[in-house]
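2 protein chains.
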Amino acid sequence: MKKYNFSAGPSILPEFTVKKTAEAILNLDGIGLSLMEISHRSKEFDAVIKQATERMKEILSVPEGYSVLFLQGGASLQFSMVPCNFLNTKAAYVDTGVWASKAIKEAKLYGEVNVIASSAGSNYDRIPTNYAIPGDADYLHITTNNTIYGTELKKDIDSPVPLIADASSDILSRPMDVSKYALIYAGAQKNIGPSGVVVVILKNSLLEKVKRPMPTMFNYKVHVENESLYNTPSCVGIYACLQTLIWLKDLGGLKAMHKLNLEKAGLLYDEIERNRYFVSSVANTDDRSIMNVTFIMKPEYKELEPKFQEFASSRGMIGLKGHRSVGGFRASIYNAMPFEGVKALVDAMKEFENQV
Amino acid sequence: MKKYNFSAGPSILPEFTVKKTAEAILNLDGIGLSLMEISHRSKEFDAVIKQATERMKEILSVPEGYSVLFLQGGASLQFSMVPCNFLNTKAAYVDTGVWASKAIKEAKLYGEVNVIASSAGSNYDRIPTNYAIPGDADYLHITTNNTIYGTELKKDIDSPVPLIADASSDILSRPMDVSKYALIYAGAQKNIGPSGVVVVILKNSLLEKVKRPMPTMFNYKVHVENESLYNTPSCVGIYACLQTLIWLKDLGGLKAMHKLNLEKAGLLYDEIERNRYFVSSVANTDDRSIMNVTFIMKPEYKELEPKFQEFASSRGMIGLKGHRSVGGFRASIYNAMPFEGVKALVDAMKEFENQV
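Each protein sequence line maps, in turn, to chains A and B.
To convert, note that position 355 of the first sequence is 1397 in our numbering; the numbers rise steadily by one, no gaps.
To convert, note that position 318 of the second sequence is 1360 in our numbering; the numbers rise steadily by one, no gaps.
As structure tokens, this is what we get:
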């Protein structure tokens, strides 16, 4: 039975990425060595990381004057690296969920943190708007997509101060105007590759603002100067990221990907609205994510939730359980989830409606 | 042609590890999902990390009261995490090479660093002895094996203060008395698995000494409490580490491994001494590593070095170039290098002697 993996992350990856990575682990490009065994200073790996960097720049149309890094430690380490490098006096943060809150907590170690907007009071059901960005903040930090609640900031906002975004769960899902950002970071394990890699895209001029002594591994300048090879990176992870970037380019790049993502999300949201058993859970309609779709059973059918979970599972759909703070279901329909996967879920919802 | 990979790291891994990891990337345990796609909170990955932890404890005979962690960022991040957690007043370091020097540099950010012994003056040709360990130091930091020079501390020393060791390049090469250490860390990419994973073995009671506020990702206590799953770990990397631990156990554990390593190193060192073209490069005889064997051509044959490099390379031997600070050759003969690989190198040295 074909499995459909709706996990929030690590999550579904393109079959192309999976196959190419498995092949390279057995024998990289026919050189008779495993991808896991080659030196990160070898010409083979040098080609991998250079291509991954270039393809990321190409696909996201990264402007001149920006660097792309492939580091370790996930978004969780970025929560600290960002303020350690750039919070000299005070920073502004928008609180849109658990992950944004974690970023805020880590930043407080380095200086004053001004939470200029939050939707915590309504269980993070929306992306706050109409907030004032203090012109004297060192930067503004946002989280572009919130996996738990299924909310997403679907545009590139204007900020009078350097804009820093955690785009872990929606990077590469749509064209982005990178020039509006000073720094974008994203754990790879949703739309790019396996866990253990975090992608950082940053404006080089930002590095001049760094004043604090810090661990060398925290220093973006060191990583930029060493082109992600200050220390041994996750070679397997970066290779897999490159494969996804190749797949994405072949598929038509971010415009084509975005169109497909809108279709997938549209199909599922329409069914949630139509089906008499289901209803959107927490996300405000305008802020609904095209990556993580959260839904529950209507209060009067609440007791049927385990039954639907089982029903979907028996059809090969896994990872549909909603986060405990929201309940119900969450379908993570990242780039690699094919249209047919969403169709299968929608069909299961329809069948369930007819059978119950 | 069979390739023999003498790279210093990432380096040769057991064929078992390579094959099992490639299989799991295609389809983990037949569940129809890739190892790269499963949630780190899934029951499948939970079994992987629990087994990896237990096997590491079993193979290294880790005593009660210790934790084993699988983290990200390599030894380079440990250089900062160790002093951030444990350097409250002053720490003692032994300087045995470039990597030890890097650890020293990072520690200085957190307090007084007392370099109690160094072999820098003689290009790190030896492991210093006869140094006094200050009883008021928060800890003593050592590097057990120095890949560049091919020197190794082959015993578990006694220390009146907590002993912390970077054992990146010789962990699992011999039985170790873990009870003598407060903390051992090791980048996986020599004797354990692919790059992107660092193993930390630490005495839980040490965690009571932590006083400094720090990034959550730096906090060993957080990682211990979350059993390496505070954030998303390198799932592929940890799976591969588990395979190597299974392979090592099947092979007879550390006693058998150590015996084989002594035989391999003995064979190569004997040939270096016998062969009229070669000579040990920098390492003092008593401190010669059984993991990294460094040698050069005798001064009068110096110009033949590129020729031997090519000769070995044409026989499938790669990664033999010595580090630029030592020159000549370096054969890294980690656990996964079979006896036949060392034999092939020795045969090449003999043939070269006869042909030139």
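In this text, a Cβ means the ideal position worked out from N, Cα and C, and glycines have one as well.
Taking 7 Å as the threshold (C-beta atoms), are residue j and residue i in contact?
i, j, result
"B/Gly1295", "B/Ile1054", "no"
"B/Ser1084", "A/Ser1237", "no"
"A/Tyr1173", "A/Phe1128", "no"
"A/Gly1279", "A/Val1239", "yes"
"A/Glu1079", "B/Asn1047", "yes"
"B/Ile1331", "B/Asn1187", "Residue 1331 of chain B is actually Ser in this sequence, not Ile. Yes, these two residues count as a Cβ contact at 7 Å."
"A/Ala1378", "A/Pro1056", "yes"
"B/His1265", "B/Leu1111", "yes"
"A/Ser1374", "A/Ala1117", "no"
"A/Val1155", "A/Ala1149", "yes"
"B/Ala1066", "A/Ile1067", "no"
"B/Thr1286", "B/Gly1235", "yes"
"A/Ala1411", "A/Val1241", "Only positions 1043 to 1398 of chain A appear in this structure, which leaves residue 1411 of chain A out of reach."
"B/Ser1323", "B/Ile1338", "yes"
"B/Cys1283", "B/Ala1089", "no"
"B/Pro1105", "A/Leu1151", "no"
"B/Leu1244", "B/Ser1109", "yes"
"A/Thr1189", "A/Asp1208", "no"
"B/Asp1212", "B/Met1333", "yes"
"A/Thr1193", "A/Ile1169", "yes"
"B/Ala1159", "B/Val1124", "no"
"B/Lys1253", "B/Asn1165", "no"
Listing by chain order, which chain B residues have their CB less than 7 Å from the CB of residue i?
i, result
"A/Ala1064", "Ala1064, Ile1067 and Leu1068"
"A/Val1060", "Ile1067, Leu1068, Ser1076 and Met1078"
"A/Leu1387", "Per Cβ cutoff of 7 Å: no residues; A/Leu1387 is ~17 Å from chain B at best."
In this structure, what does DSSP give as the bridge partners for residue i?
i, result
"A/Glu1194", "A/Asn1187"
"B/Tyr1281", "Bridge partners of B/Tyr1281: none, in fact."
"A/Lys1385", "Looking at the DSSP assignment, A/Lys1385 forms no beta bridge with any residue, so it has no partner."
"A/Arg1168", "Paired residues: none, contrary to the question."
"A/Asn1047", "A/Ile1360"
"A/Arg1372", "A/Thr1336"
"B/Ser1322", "B/Phe1337"
"B/Arg1330", "B/Thr1193"
Mind pulling the chain A residues with CB within less than 7 Å of residue i?
i, result
"B/Cys1283", "By Cβ distance, chain A contributes nothing, its closest Cβ being about 11 Å from B/Cys1283, past 7 Å."
"B/Pro1204", "Neighbours of B/Pro1204 on chain A: none; closest Cβ ~21 Å, over 7 Å."
"B/Gly1361", "Ser1081"
"B/Ser1122", "Pro1257 and Met1259"
"B/Lys1045", "Gly1074 and Leu1075"
"B/Pro1236", "Met1078, Cys1277 and Val1278"
Under the three-state reduction of DSSP, which class applies to residue i: helix, strand or coil?
i, result
"B/Ile1243", "strand"
"A/Leu1068", "helix"
"B/Val1060", "helix"
"B/Ala1174", "coil"
"A/Leu1182", "strand"
"A/Asn1377", "coil"
"B/Met1259", "helix"
"A/Lys1392", "helix"
"B/Lys1251", "helix"
Anything in chain A within Cβ reach of residue i, meaning under 9 Å, just list it in chain order.
i, result
"B/Gly1116", "Gln1114, Met1259, Asn1273, Thr1274 and Pro1275"
"B/Val1264", "Going along chain A, no residue has its Cβ under 9 Å from B/Val1264, so there is no contact; the nearest lies around 10 Å."
Can you check whether the C-beta of residue i is within less than 7 Å of a C-beta belonging to chain E?
i, result
"B/Met1078", "The structure shown contains no chain E; its protein chains are A and B."
For residue i, return the contacting residues in chain B, with the cut-off set at a CB-CB distance below 9 Å.
i, result
"A/Pro1341", "Chain B residues near A/Pro1341: none, gap ~28 Å exceeds 9 Å."
"A/Glu1148", "Pro1257, Thr1258 and Met1259"
"A/Leu1129", "Chain B residues near A/Leu1129: none, gap ~13 Å exceeds 9 Å."
"A/Ile1384", "The residue asked about is misnamed: residue 1384 of chain A is Val in this sequence, not Ile. The premise fails here: A/Val1384 is roughly 17 Å from chain B at the closest Cβ pair, so nothing lies under 9 Å."
For residue i, go through chain A and note every residue whose CB falls closer than 8 Å to its CB, in chain order.
i, result
"B/Lys1392", "Correct list: empty, because the minimum Cβ distance to chain A is about 24 Å."
"B/Gln1231", "Thr1274"
"B/Ile1054", "Glu1079"
Whose Cβ in chain B lies nearer than 8 Å to the Cβ of residue i?
i, result
"A/Asn1377", "Per Cβ cutoff of 8 Å: no residues; A/Asn1377 is ~13 Å from chain B at best."
"A/Asn1156", "Residues of chain B passing the Cβ test: none, with the nearest at roughly 20 Å."
Minimum length 4: unbroken alpha helix (DSSP H) runs contained in the segment 1118 to 1165 of chain B: 1140 to 1149
Start-end ranges of the alpha helix (DSSP H) lying completely within the segment 1265 to 1317 of chain B, minimum 4 residues: 1277 to 1292 and 1295 to 1316
Runs of alpha helix (DSSP H) wholly within the segment 1336 to 1362 of chain A (minimum 4 residues, chain order): 1347 to 1356
Within the segment 1196 to 1240 of chain B, ranges of the beta strand (DSSP E) (whole runs, at least 3 residues): 1205 to 1208 and 1225 to 1229
3-residue-minimum beta strand (DSSP E) runs that sit fully inside the segment 1073 to 1121 of chain B, ordered along the chain: 1108 to 1113
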